[in-house]
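Numbering (my numbering), first residue to last: 6 to 188. C-beta atoms are modelled at their ideal positions from N, C-alpha and C, and glycine is treated no differently.
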Amino acid sequence: MLIFPYCPSSPAAPPSASEVKMLTAQCREALRDVGGIPIFFDLSSGDRMISQTESACLSALGSGGQALRPLFHWMETRIPRLYAGQPIGIIHGYLNVSNLITEGGDLRYILGWQRPMLAPLALEQALALRLAGYESEDGDWGKFATVCHILWHAWAYTHVLPIEGVRQTALKLADGFASPLAE
Numbered sequence: 006m007l008i009f010p011y012c013p014s015s016p017a018a019p020p021s022a023s024e025v026k027m028l029t030a031q032c033r034e035a036l037r038d039v040g041g042i043p044i045f046f047d048l049s050s051g052d053r054m055i056s057q058t059e060s061a062c063l064s065a066l067g068s069g070g071q072a073l074r075p076l077f078h079w080m081e082t083r084i085p086r087l088y089a090g091q092p093i094g095i096i097h098g099y100l101n102v103s104n105l106i107t108e109g110g111d112l113r114y115i116l117g118w119q120r121p122m123l124a125p126l127a128l129e130q131a132l133a134l135r136l137a138g139y140e141s142e143d144g145d146w147g148k149f150a151t152v153c154h155i156l157w158h159a160w161a162y163t164h165v166l167p168i169e170g171v172r173q174t175a176l177k178l179a180d181g182f183a184s185p186l187a188e
């Protein structure tokens, strides 16, 4: 097993929120001119994002009755604001410190390109913070990251992992939008 240095903190310690932000900024810069790679999800517009998520959820989770309505309502009311004025580009989608290799403190390699997305560039940081266990400063970006994880679980349940636990994870994440705190 090889352990690579990936951030200024000890390899045994998880990165801080500021380190996660620094690493995602370095990745954003590294990916600025990348093009021509296959895209797993095309979330290049709010309409595409909403359409793909609703379709995947309805396919995997069924009509869900009341369960999916709060999620769909949140997307329809909040996603347009999040896309407004945001640059769109390729993002890794599940960036974490185990996917980064540095040399001399400089980012050299970004590993694990199983599901890159064409999406607002700011989404990369929200996803990375969520995966590292931190909240986004803007709660709507944090919720957007959760929507991406719902999309992934719903897609995975339908296409590659028809395991009830995958479906239940998507439903549990979607249930978070039913809370009054979701607004």
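Report buried or exposed for Arg113, applying the criterion of at least 16 other Cβ atoms within 10 angstroms of its Cβ. exposed
Whole-number beta carbon distance between Ser50 and Tyr88, since they are thought to touch under 8 Å: Contact between Tyr88 and Ser50 is confirmed by a C-beta separation of about 7 Å, below the 8 Å threshold.
For the alpha helix (DSSP H) that Glu59 lies in, which residues bound it at each end? Per DSSP, the unbroken alpha helix (DSSP H) holding Glu59 starts and ends at 51–66.
Assuming Ala65 and Tyr139 form a contact by the criterion Cβ under 8 Å, report the distance between their Cβ atoms to the nearest whole angstrom. Not really, about 28 Å apart at Cβ, beyond 8 Å.
Span separating the alpha-carbon of Leu28 from that of Leu132: 12 Å
Contact set for Phe45: own chain, Cβ-Cβ below 8 Å, skip 5 residues either direction: Gly98, Gln119, Arg120, Pro121, Met122
Can you give the Cα-Cα distance for Gly110 and Leu116, rounded to whole angstroms? 17 Å
What's the gap between the Cα of Gln57 and the Cα of Trp157? 10 Å
So Asp180 packs on Ala35, CB below 8 Å; how close in whole Å? With 8 Å as the limit, Asp180 and Ala35 do not qualify as a contact, their Cβ atoms being about 36 Å apart.
DSSP three-state call for Leu112: helix, strand or coil? strand
Hey, would you say Glu61 sits closer than 7 Å to Trp160, going by beta carbons? Checking the sequence, you will find Ala at residue 61 rather than Glu. The answer is yes: Cβ separation under 7 Å.
Taking C-beta to C-beta, are Pro75 and Ala183 nearer than 7 Å? yes
Below 8 Å on the Cβ atoms is my guess for Ile95 versus Val39; work out the distance and round it to an integer in Å. 5 Å
Does the beta carbon of Asp145 sit closer than 7 Å to a beta carbon anywhere in chain D? Although the question refers to chain D, the structure presented lacks it and comprises just one protein chain.
Could you pull the start and end residues of the alpha helix (DSSP H) that Ala124 belongs to? Element bounds for Ala124: not the alpha helix (DSSP H) but the beta strand (DSSP E), 122–125.
Smallest Cα separation from Ala175: which of Ile84, Asn101, Ile155? Ile155
Report the three-state DSSP secondary structure of Gly117 (helix, strand or coil). coil
Per DSSP, cross-strand counterpart(s) of Gly94: DSSP output for Gly94 lists Ala124 as bridge partner(s).
Taking just the CA atoms, how far does Gln130 sit from Arg53? A straight-line Cα-Cα distance of about 20 Å links Arg53 and Gln130.
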